[in-house]
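All residue numbers for the sequence shown refer to my numbering, where the first residue is 29 and numbers rise by one.
Glycine included, every Cβ here is placed at the ideal spot set by N, Cα and C.
It should be emphasised that the depicted structure is a prediction, and the values quoted were computed from it without experimental measurement.
Shown next, in structure tokens, is the structure this report addresses.
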Amino acid sequence: QIRHAIMSICAITVMAILFFSETLAFARTAMVTSIALDENDQPQIRLNFNITLMDLHCDFVSVDVWDTLGTNRQNVTKNIEKWQLDEDGQRRIFSGRNREQREVVHEEHEETLEELHEDGEQAVELHPENFKAFLEGHDMAFIDMYAPWCIWCQRLHPTWEKFGEKVHELGMPVGVGKVDCVVHAQLCKDEKVMAFPTLRWYKDGEAILPDYKMDRTVDALVGYAKRKLDMEQKYKDWESKNAGGNADARGKPRGGTSRPEHPGCQVSGHLMVNRVPGNFHIEAKSVNHNLNAAMTNLTHRVNHLSFGEPITKLPPHMENTPFMRKVKRVLKQVPEEHKQFNPMDDTEYVTAQFHQAFHH
Numbered sequence: 029q030i031r032h033a034i035m036s037i038c039a040i041t042v043m044a045i046l047f048f049s050e051t052l053a054f055a056r057t058a059m060v061t062s063i064a065l066d067e068n069d070q071p072q073i074r075l076n077f078n079i080t081l082m083d084l085h086c087d088f089v090s091v092d093v094w095d096t097l098g099t100n101r102q103n104v105t106k107n108i109e110k111w112q113l114d115e116d117g118q119r120r121i122f123s124g125r126n127r128e129q130r131e132v133v134h135e136e137h138e139e140t141l142e143e144l145h146e147d148g149e150q151a152v153e154l155h156p157e158n159f160k161a162f163l164e165g166h167d168m169a170f171i172d173m174y175a176p177w178c179i180w181c182q183r184l185h186p187t188w189e190k191f192g193e194k195v196h197e198l199g200m201p202v203g204v205g206k207v208d209c210v211v212h213a214q215l216c217k218d219e220k221v222m223a224f225p226t227l228r229w230y231k232d233g234e235a236i237l238p239d240y241k242m243d244r245t246v247d248a249l250v251g252y253a254k255r256k257l258d259m260e261q262k263y264k265d266w267e268s269k270n271a272g273g274n275a276d277a278r279g280k281p282r283g284g285t286s287r288p289e290h291p292g293c294q295v296s297g298h299l300m301v302n303r304v305p306g307n308f309h310i311e312a313k314s315v316n317h318n319l320n321a322a323m324t325n326l327t328h329r330v331n332h333l334s335f336g337e338p339i340t341k342l343p344p345h346m347e348n349t350p351f352m353r354k355v356k357r358v359l360k361q362v363p364e365e366h367k368q369f370n371p372m373d374d375t376e377y378v379t380a381q382f383h384q385a386f387h388h
């Protein structure tokens with residue numbers, strides 16, 4: 029019993045010492061900061077990306093970079109490619125490098141819109157009740173889908189009215205109309221209007237894509253309408269010439285056929301960014317349009333996102349550098365499940381609400 033009592037006393041003593049030691053250590057806790065310096069002395073790091081935007085046209089995709097050093101690069105073009113996608117998400121048309129968006133030319137007018145309307149409106153105001161009838165009443169129609177708050181639409185209004193007057197004056201068989209997409213939001217949604225203003229050509233009631241995206245002057249608009257009519261006439265001449273069969277498809281004019289225009293875009297490439305905190309944005313914007321928030325869907329898939337030179341695809345002169353030898357030695361000690369260099373790869377991010385976008 030004495031032995032048991034001694035053991036109990038020793039245990040109580042040890043527990044008391046541990047209790048007071050832990051309490052003392054807790055009371056004397058201090059903040060310790062350690063800094064690990066990146067051994068790479070390069071001022072910039074490579075950012076690799078390949079991202080598919082499911083429902084956004086390449087014309088409205090901009091790659092931007094900001095950082096704490098004051099870097100502000102918008103619509104970066106170097107080493108970036110865009111591909112227009114089809115309805116299956118496959119590459120269909122190479123949209124080229126991430127080109128700078130050219131600002132279209134607008135025309136200035138001395139007359140106000142009210143003064144132009146004094147002798148009547150040549151551009152017909154359309155709404156759900158007369159939209160279909162207007163298209164049925166004109167084999168060819170050119171329609172401006174606009175929003176009253178859009179600055180580009182406001183600049184276009186007098187030009188569009190003058191364009192309507194010019195079409196009437198020349199006797200061109202083209203119906204000129206306009207739709208207020210704020211008042212008639214559902215109509216513009218049904219027509220898949222993604223940006224304001226949308227200038228769309230119709231033939232026999234069907235939209236002919238892609239939409240008009242050139243200069244917004246009376247001469248440019250009239251020239252576009254004349255080219256459309258000329259192409260249609262050449263197509264009719266070809267049809268009548270080959271009515272008996274044995275048509276030569278090689279010489280067939282395209283006429284008023286519509287080109288598939290699914291609004292999907294794959295943007296890929298790499299950027300050299302400063303080794304400081306910053307942001308890399310893929311943004312929906314345009315220098316010539318105001319985007320329609322109700323139709324701007326930023327659902328996307330991250331096919332690939334990583335930093336640095338791809339380890340498996342390094343140029344020969346970098347394979348045997350001391351830094352890469354050290355990287356390979358360290359990687360051999362890391363379990364496969366922890367080698368997450370690209371944790372976002374092959375991940376989809378679906379936006380289900382208006383004015384919503386993911387920040388990663």
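- In this chain, the alpha helix (DSSP H) harbouring R31 covers 30-55.
- In the structure shown, T375 adopts extended strand secondary structure according to DSSP, grouped into three states.
- When DSSP states are grouped into helix, strand and coil, Q182 belongs to the helix group.
- In the same chain as L163, and ignoring 5 residues on each side of it, the C-beta atoms closer than 7 Å to its own belong to A169, Y230, G233, in chain order.
- With fewer than 16 other Cβ atoms inside 10 Å of its own Cβ, V355 counts as exposed.
- The alpha carbon of E115 has as its nearest neighbour, out of G292, E376, A322, the alpha carbon of G292.
- Looking at the DSSP output, H134 bridges to R244.
- When the beta-carbon positions are compared, H328 and L75 stay at least 8 Å from each other.
- Contact annotation: V330 and I108 have beta-carbon atoms that are not nearer than 8 Å.
- Under the DSSP definition of a beta bridge, Q294 partners with T80, W111.
- DSSP places D167 in the coil class of the three-state scheme, outside both helix and strand.
- DSSP links F308 through a beta bridge to V93.
- Taken through DSSP and simplified to helix, strand or coil, K206 comes out as strand.
- Across the structure, V378 and M222 are spaced so that their CA atoms are roughly 18 Å apart.
- Ranked by Cα distance from V246, the first of G203, G205, T187 is T187.
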